[in-house]
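Single-structure report; data block below.
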Amino acid sequence: MSNKSDRIIIKNGLIFDPLLKIKGEKKDILIEKGIIVEKFSSNNNIKEINAENKTVIPAAIDIHTHIASQQINWVRLLGKENKEFQKNWEGLTLRYIARNYISNGYTFITEANVYPSLSKQTIFNFINLPVLDKAMLLNLGNFWPLEFEFEKGKIDEISYFLSDLLSKCKGFGIKAYNPFEGEIWNLNTLRENIKEKGKLYNFTAIDVYKHLIYSIEKLDLPHSIHCHIEGYEHIEAKDNLNILLEELAKIKIDRIDSSRFKREQICHLAHANSLNMDGDNTDLIKFLNNNKNVDLDLAFIGFDEINPIITSDRRFITNYKDSSGKFNKIIINSNESEGDSYTGFRKFSKSNYNDCILWSNSIDLALNIKNKWQVQFSLNFPHYSHVNKIPKIASWLLSKEARKIFMEDMDNKYLKISSIFNNDNVLDFNDYIIITRASPAKSLGLTKYKGNLDVGTDADINILDIDITKIDSNRDFKSIEKAFENIEYVIKNGNIVKKGDKIFLGYEGKIFWAEGKIYSQEDKLRVVSKKSEFYQKYYSYFYNMLENNVNKDFLKKII
Amino acid sequence: MINKKFLIKKNTEFKKMSDQIKITCSGCSLLCDDIIIIKHEKDIEKILGTCLKGKEKFNQIISKNRILNPLIRKNNSLEKINWDIALDKAVQMINNSIKPVLYGLSNISCEAQLNAIKIARKINGFIDSNSTICQGQVLNFASKIGITTMTLTDIINKSDVIILWGVNVVESIPRLLSKILFSRGKFRITGREIKSLIIVDIYKTASFNVLGTRDLALIIKPDNDIELIRFLKKYCREEYKIPAGGNSGIDKQDLERLISILLNSEHISILTGQALIKPQGEGHPMKELLELIKILNKYKKIGRVSLMMVGGHYNMVGFEHIALAETGKNQSIQFRNGKSVQTEETIISKLQNQDFDLSIIVGTDPISHFPAAISKNLSSKPMILIDNKKSGTYLIADLILPTAITGIECEGLAFRLDHVPIKLKKIIDPPNNILSDAKLLENILMKLE
Amino acid sequence: MEMILNTIRLIDYDQNKEWIHNDIESMEDNLAIGFINPMDFKEMYLVPSLKLRISNKYGDIIIKFKQGKDIPRGIILMPISMWSNQLSYVENKNIIYKNIKVQVEGTRDSPTKLIELINRIKKK
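Residue numbers (the numbering used here), protein chains in the order written: chain A, 1 to 559; chain B, 1 to 449; chain C, 1 to 124.
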């Protein structure tokens, strides 16, 4: 069923659009051919939505999620007879994912962990994931075809090859995950930190981060590098984080375009709640408050009944095995020497100290990083939380009352050290729209299309049945929760995909991709030809096999 | 259309480079992407680089047993019909059915598999693939106890030990060993010299012929795999003496070597086949093998052990992945009210209990592959067959709809045996303008709607 | 004599290949066949002109046979086909293709024809 009109006017809504610096102004929004326009080209067939006393915001954007990869299939396989998983996640099918994301106001999601060799599977799933626009980040942490370039720091060669790889796979950006951890195959061998020199390779993990950053910036890709910090959810991550931050402080990139619509970061830290397991985020917050070139996503814990584990971090999975004392049910999959994926299940608990730290780190970072444009809301879906926990999570950020009530039955040891319990700070509604909508769009380099309601952008809009300007969000957090629980309208490119409790899935989204700016096609060809030889020599398939021939109608190239 | 001489033509001079195309073979689940086709205008002139199985696949194009028209069975003989009538008949048969089953789907593209699942959803049918009686069973065990698995590039570059357990790859996946054993890898620079092969089987299969002096041949007593695996599990966990008489027909000396290799090698790849799927006594050897791998990986100080199931059909793995993403289940999916519901049934139990009133068979030949009693049940109800060649099932089916050969006459996505997605290309036009499986199933779906 | 039947895939005796290219005669030639150890051959007092009748409680077939010294004693190998599937069976939803107990004896009868197998399947 589709619900499409040629033209839509949303009348008298209260607009929140942080990028355009609009905070609760009453304004009409005009939509034609899927984008926001200043005036209609014709007065025929106009659908009017009365948004009087309602709040109109850009649709939400997820900067870090796991929704379309082989690894999700391993989750489905492990969970096919798991009653709790079936009850709470309904098999995590593509349609279920789309339905839940739309229901929570999302129109754009970023699959954050795709090995190039498996990218065809992601593309196949993307095409069958209705309504949502999507993009994938290629995991190049262990990307061994670039060994020589990483060793010698050959930025030009790396960037040319990345560009070609992105255009072949139809990738959007680059994820760096535990660089070259995979050089040791034994699952029990862990390295001390990312400064350690390789055993088979003559460089360190930190070299890989650094060279990838320079290469990505040279290509001027829409999104910066997307960094996973090794040892996350363990104290070792803190050390690795500090090593990386130290390196980042030294990197200076001159930007030609410094408009406020352009991303400022050169490095995005994934699920930053998992990096300081001592609960002390002071250094990280201080670093972000002093350096604009780093941003991060928060990855809230939703304390679901059960959560799939989706990771490629060896320390995480090794400890996961040990803690229960028996052999856990996990699927370990090595993917064409490009890295491992580990899949399993777990349950977060409010009475578990570490889980409470993970939960509170997200809130700590959200409240204390001054510039909210350096912060993006995420759930590391489905690893940390279901999207249907978002209304609840919103209340923890917008209301100290809501937070306190939720914290009452948390682990005692945690409550004793918690800086959150007595912290009266909250985000205001505008801040919340920044971190869930505008800031992810900016960090992903998508402000031309998403995350704001400017003329010319995609008409991706949420209408909330609440007049936010008349609400004391601290006390009335229940009504905000309710408004987010049932978003009245979700509009995607001018299509009404949710109205009341009805969701319409009969509409295809697009796959966003980028290859960056190339200065010499000739040099690119030279590098690609050299790398093709590497594939011929060592891979089980030829390099050209990576080509994803996707129907143009499904694609949207950003740069 | 197709130059019938291409198969016997010898010493054909190479055409100019533009006539050469590198393509992927869909002859088996290895999906070799290094096959060269020399085309002349619209015909295939020459095919270079296939194994015997691959050659057979290409021979299908001009096979005399190819099905080129829709056929309907009347008075026990088949009659040609046109496509409009054929599709109407298919839809009519489906609409008359209350309990339809769809089966096969391992020799078609992922796009076709997806459409078949959509049809099953639409008609509230039961859908299952060949993997239910094959590779899929390994995944079912994996879903209960986990698994450590790898892909071909890992084996090529890292493996110092390859174990073939109950699988005769030389005859089922002919080029597999040339890819993974007789190849040089980044960390195995000297190639075959540094890669050891261990074969465990109940008899000396053709694969044993590739064994060298450093390799290990283990002839095991029938149905004794489980006992050997249990022995190894015990040995790895605690101090344990190897009995003087060996175990499961394998002598003490060979067992000592096997254990030493398992514990001290850097990258062990175990490839298994149908032999370990059958229950042995009260237990399942595959389940125990997955547990052994888990134990080894927990205790090993160096290296790792991984498992790969060697299935034959070129896109059996594809069905598992498409079905998981669409329905949350990898096989044996029952739809009710458009939703997949929990069921204990498999295609075998459905047929055994005659719990169906129509079968739609896609790209497979169950009549030749199932035990006779099951085939008999299958043949007792109306049957639609979608395939490109004659088969045992062809001799029984009531309505036969031919399709193009994927990877030659139409394109599509397939998953290699190690779960790596590979694109299959279209090289030539299909005869009689027959449609791809994906398009035909899409047309049926549209007609049903 | 009681033996253990293992159905296997062999590139020269391949059901799929037969269906693609060959006629029924070739199919009967290449699929109605079994392989046994020469010692078992002797023990059953077989001569090369005889055929084998293989049976169990699920069905029976007559096939040609060849000797192979690599085949262990007591085991008969057959390519997977409509012939071998007269003897395979289902146990707990699993199809048993391997290690099937069968009775084997020499016979002067000719090998089972494909048409007979099809008729068995079609018979109501």
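Ideal placement from N, C-alpha and C gives every residue a C-beta, glycine not left out.
Please name the residue, chosen from A/S520, A/D297, A/D472, that lies closest to A/R437 on a Cα-to-Cα basis.
In the first sequence, residue 437 of chain A corresponds to position 437, counting from 1. Closest by alpha carbon: A/D297.
Looking only at its chain, what residues have a beta carbon closer than 8 Å to the beta carbon of A/D322, apart from the 5 residues adjacent to it on each side?
Here residue 322 of chain A corresponds to residue number 322 of the first sequence, with the count starting at 1. Confidence at A/D322 is low in this model, with a pLDDT of 48, below 50, so its placement is unreliable and no value can be given for it.
A/G198 to A/E147 span [Cα, whole Å]:
As a working mapping, residue 198 of chain A is identified with position 198 in the first sequence. As a working mapping, residue 147 of chain A is identified with position 147 in the first sequence. Computed Cα separation, rounded: 11 Å.
At a CB-CB cut-off below 7 Å, which residues of chain A make contact with B/K122?
Within the second sequence, numbered from 1, the residue matching residue 122 of chain B stands at position 122. Chain A residues near B/K122: none, gap ~14 Å exceeds 7 Å.
Taking C-alpha atoms, which residue in B/I422, B/A404, B/K381 lies nearest to B/L358?
If you number the second sequence from 1, residue 358 of chain B lands on position 358. The candidate whose alpha carbon is nearest that of B/L358 is B/K381.
Can you give me the C-alpha to C-alpha distance between B/S379 and B/L395, rounded to a whole angstrom?
Here residue 379 of chain B refers to the residue found at position 379 when the second sequence is read from its first residue. Here residue 395 of chain B refers to the residue found at position 395 when the second sequence is read from its first residue. One C-alpha to the other measures close to 10 Å.
Heavy atom of the ligand PLP less than 7 Å from the Cβ of C/P72, yes or no?
Judged by which ligands are present, the structure shown has none, so any question about the ligand PLP falls away.
Contacting positions in the stretch 412–438 of chain B - beta carbon closer than 9 Å to chain A
L413, F415, R416, D418, H419, V420, P421, I422, K423
Quick one: Cα of A/D553 to Cα of B/N433, how far?
Counting from one through the first sequence, the residue named residue 553 of chain A turns up at place 553. Counting from one through the second sequence, the residue named residue 433 of chain B turns up at place 433. Distance between the alpha carbons of A/D553 and B/N433: 26 Å.
Selection from B/P431, B/I21, B/A325, B/S159 that minimises the alpha carbon distance to A/T122:
Counting from one through the first sequence, the residue named residue 122 of chain A turns up at place 122. If we check each option's Cα against that of A/T122, B/A325 comes out closest.
Check whether the Cβ of A/S323 lies closer than 8 Å to any Cβ atom in chain B.
On the first sequence, residue 323 of chain A is found 323 positions in, with the first residue counted as 1. The pLDDT assigned to A/S323 is 48, lower than 50, so where the model puts this residue is not dependable; a value taken from the coordinates is nonetheless given after this. So no, A/S323 is outside the interface.
For the candidate residues A/K482, A/K448, A/K400, whose alpha-carbon lies nearest to that of A/R475?
Stepping through the first sequence from its first residue, residue 475 of chain A is reached at position 475. The shortest Cα separation from A/R475 among A/K482, A/K448, A/K400 belongs to A/K400.
Could you tell me whether the Cβ atoms of A/S224 and A/G171 are closer together than 8 Å?
Locating residue 224 of chain A in the first sequence gives position 224, where the first residue counts as 1. Locating residue 171 of chain A in the first sequence gives position 171, where the first residue counts as 1. It is not a contact, given that the beta carbons lie outside the stated cut-off.
Within the stretch 19–101 of chain B, ranges of the alpha helix (DSSP H) (whole runs, at least 4 residues)
52–59, 83–95
In angstroms with no decimal places, state the Cα-to-Cα distance between B/G125 and B/Y235.
Position 125 of the second sequence, counted from the first residue, corresponds to residue 125 of chain B. Position 235 of the second sequence, counted from the first residue, corresponds to residue 235 of chain B. Going by the C-alpha atoms only, they are around 48 Å apart.
Contact criterion: CB-CB distance below 8 Å. Does C/P38 meet it with respect to chain B?
Reading the third sequence from its first residue, position 38 is the one you call residue 38 of chain C. No, no contact with chain B.
Applying the 10 Å Cβ sphere with the 16-neighbour rule, what's the burial state of A/K498?
For the purposes of this step, residue 498 of chain A is identified with residue 498 of the first sequence, where counting begins at 1. Burial call: buried.
Can you check whether the CB of B/S196 is closer than 8 Å to the CB of B/R214?
On the second sequence, residue 214 of chain B is found 214 positions in, with the first residue counted as 1. On the second sequence, residue 196 of chain B is found 196 positions in, with the first residue counted as 1. A contact, by the Cβ cut-off of 8 Å.
If we cut at 8 Å on Cβ distances, does B/L441 have a partner in chain C?
On the second sequence, residue 441 of chain B is found 441 positions in, with the first residue counted as 1. Taking Cβ atoms only, chain C never reaches closer than 8 Å to B/L441, which makes this a no.
Inspect the beta-carbon positions of A/S163 and A/I511 and report whether they are closer than 8 Å.
Counting from 1 along the first sequence, the entry for residue 163 of chain A is found at position 163. Counting from 1 along the first sequence, the entry for residue 511 of chain A is found at position 511. Not a contact, by the Cβ cut-off of 8 Å.
Report, in whole angstroms, the separation of the C-beta atoms of A/I10 and A/I559, which I expect to be a contact under 8 Å.
Your numbering for residue 10 of chain A matches position 10 in the first sequence. Your numbering for residue 559 of chain A matches position 559 in the first sequence. Between A/I559 and A/I10 the Cβ distance is about 30 Å, and since that is not below 8 Å, they are no contact.
Answer yes or no: does any C-beta atom of chain C fall closer than 8 Å to that of B/E171?
Taking the first residue of the second sequence as 1, we reach residue 171 of chain B at position 171. Closer than 8 Å: yes.
Give me, in chain order, the residues of the same chain whose beta-carbon lies closer than 6 Å to that of A/E149; leave out the 5 immediate sequence neighbours on both sides.
For this step, residue 149 of chain A is matched to residue 149 along the first sequence. The residues are E157, I158.
Give the residues of chain B in contact with A/F124, contact being defined as C-beta atoms less than 9 Å apart.
As a first step, residue 124 of chain A is located in the first sequence; it is residue number 124 there, counting from the start. Under the 9 Å cutoff, chain B gives C110, E111, L114, H321, I322, A325, L413, P421.
Can you check whether the C-beta of B/I189 is within less than 8 Å of a C-beta belonging to chain A?
Here residue 189 of chain B is taken as the residue at index 189 of the second sequence, counted from 1. B/I189 does not count as touching chain A.
Could you give the C-beta distance for A/I266 and A/E230, rounded to a whole number, given that I count them as a contact under 8 Å?
Working through the first sequence from its first residue, we reach residue 266 of chain A at position 266. Working through the first sequence from its first residue, we reach residue 230 of chain A at position 230. Going by Cβ atoms, the distance from A/I266 to A/E230 rounds to 19 Å, so no, they are not a contact pair.
Which value, in whole angstroms, describes the spacing of the CA atoms of C/R53 and B/D223?
Taking the first residue of the third sequence as position 1, residue 53 of chain C is located at position 53. Taking the first residue of the second sequence as position 1, residue 223 of chain B is located at position 223. If you take the alpha carbons of C/R53 and B/D223, they lie about 24 Å apart.
Does DSSP put C/Y89 in a helix, a strand or coil?
Sequence index remark: in the third sequence, residue 89 of chain C carries index 89 (1-based). Of the three classes helix, strand and coil, the one that applies to C/Y89 here is strand, per DSSP.
In the structure shown, what three-state DSSP assignment does A/M407 receive?
By 1-based counting over the first sequence, the position of residue 407 of chain A is 407. Helix.
Less than 8 Å between the beta carbons of A/G572 and A/N493, yes or no?
Residue 572 of chain A falls outside the range modelled here, since chain A spans only 1 to 559, and no answer is possible.
Rounded straight-line distance, which links the Cα of A/A514 to that of B/L289
Counted from its first residue, the second sequence places residue 289 of chain B at position 289. Counted from its first residue, the first sequence places residue 514 of chain A at position 514. Between B/L289 and A/A514, the C-alpha separation is close to 44 Å.
Do B/K46 and B/I38 have their CB atoms nearer than 8 Å?
Position 46 of the second sequence, counted from the first residue, corresponds to residue 46 of chain B. Position 38 of the second sequence, counted from the first residue, corresponds to residue 38 of chain B. Yes, Cβ-Cβ distance for B/K46 and B/I38 is below 8 Å.
A/I235: which of A/Y177, A/L358, A/N188 sits nearest, CA to CA?
In the first sequence, residue 235 of chain A corresponds to position 235, counting from 1. Ranking the options by Cα distance to A/I235, first place goes to A/L358.
Quick check on the DSSP output: what are the complete alpha helix (DSSP H) runs of length 4 or more inside the stretch 102–173 of chain B, in order along the chain?
110–122, 136–145, 152–158, 169–172
Would you tell me roughly how many angstroms separate the C-alpha atoms of A/T447 and A/K556, rounded to the nearest one?
As a working note, residue 447 of chain A is residue 447 in the first sequence. As a working note, residue 556 of chain A is residue 556 in the first sequence. Going from the Cα of A/T447 to the Cα of A/K556 covers about 14 Å.
I'd like to know whether the C-beta of C/I62 is nearer than 8 Å to at least one C-beta of chain B.
By one-based count along the third sequence, residue 62 of chain C stands at place 62. For C/I62, the answer is no, since every Cβ of chain B falls outside 8 Å of its Cβ.
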